[in-house]
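**Q** Position 126 of the sequence shown, counting from 1, maps to 126 under our numbering, and the rest follow consecutively.
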Amino acid sequence: MRYIQKDEEPDFMLEWKRLRLFAGQSLSYSDFNEKRRLNDLLRNEQHGICCYCEKPIDHFMMSKERGAHNEHLIPEKGEYGDFSEQMDYYNIFACCIESSGRKKDSQHCGESKHDLLIYPFLQDVNCKQYFKYNVLGEIIPNGSYNTWTEYIQNEDKLEPLSQCAVEAIKILNLNCNSLVTDRKGDIDTIMRITISWDKKRKDIQISHWEHSSQFPRFIDMLEWFLKR
């Protein structure tokens, strides 16, 4: 999960809103007829990775592999929903759909979140500071414990933002078996490849990733290990 630097709201969304309001119609996302075009823009803005798990996404809906939907950080409906946020461009992100249809404990990201509310880490420029990773392939709060189990067992002792991080990881199910396995594989690969690299070479690699139009999957995890 990383901070998403949003661009300015696109003209086609502004025009759609203007015409709807002029006609006395509500700004309901379900009525929006440019969902695919919006998703294309969001994926480009996010350098081709899911806003939550950071796996690659390259098309809107259809096939689940590398597919994406338009995710509302503040839900569209439900107990925590806010209708006024449905067409707020800065509340919408591109999110993977690869776990769609799986058993509940295997779903992740938007498929797991549904209409729940999480702390807006995606909108926090300091997002990277709140998370870290371990060699097991787990994403965990950036605190004194080193495993997900330890954080769950000591959740009531954590600082407020660490508690928010735990809650977000749980709601998004970012430590489901498939994601942990994929991360573990990438950790083993990057550590094997870079074992002889000095700091300068690692910094150059990180800079290359950050300026790429297509981020590698789990970019923040890869950078976290290269920096340590």
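C-beta: ideal position from N, C-alpha, C; glycine also.
Since this is a predicted model, take the numbers as computed values, not measurements.
Let's see if you can read the secondary structure: which residues bound the alpha helix (DSSP H) around Ala168?
**A** Start and end: Pro160 to Leu172.
**Q** Name the two residues that bound the continuous alpha helix (DSSP H) containing Lys184.
**A** Asn177 to Ile193 is the span of the alpha helix (DSSP H), which, as asked, contains Lys184.
**Q** Please state whether DSSP places Tyr80 in a helix, a strand or coil.
**A** Three-state result, Tyr80: coil.
**Q** Looking at the strands, I want to know which residues DSSP matches up with Asn70.
**A** Looking at the DSSP assignment, Asn70 forms a beta bridge with Ala94.
**Q** In the DSSP output, what is Lys132 paired with across the bridge?
**A** Answer by DSSP bridge pairing, in chain order: Ile140.
**Q** In this structure, how does DSSP classify Ile49 when only helix, strand and coil are distinguished?
**A** Ile49: strand per DSSP, three-state reduction.
**Q** What are the boundary residues of the alpha helix (DSSP H) that Leu14 is part of?
**A** Its alpha helix (DSSP H) spans residues Asp11 to Phe22.
**Q** Looking only at its chain, what residues have a beta carbon closer than 7 Å to the beta carbon of Leu161, apart from the 5 residues adjacent to it on each side?
**A** Around Leu161: Tyr130.
**Q** For His114, which of helix, strand or coil comes out of DSSP?
**A** Note: His114 maps to coil in three-state DSSP.
**Q** Measuring only the C-alpha atoms, how far is Leu111 from His47?
**A** The sequence shown places Glu at residue 111, not Leu. So the alpha carbons of these two residues sit roughly 21 Å apart.
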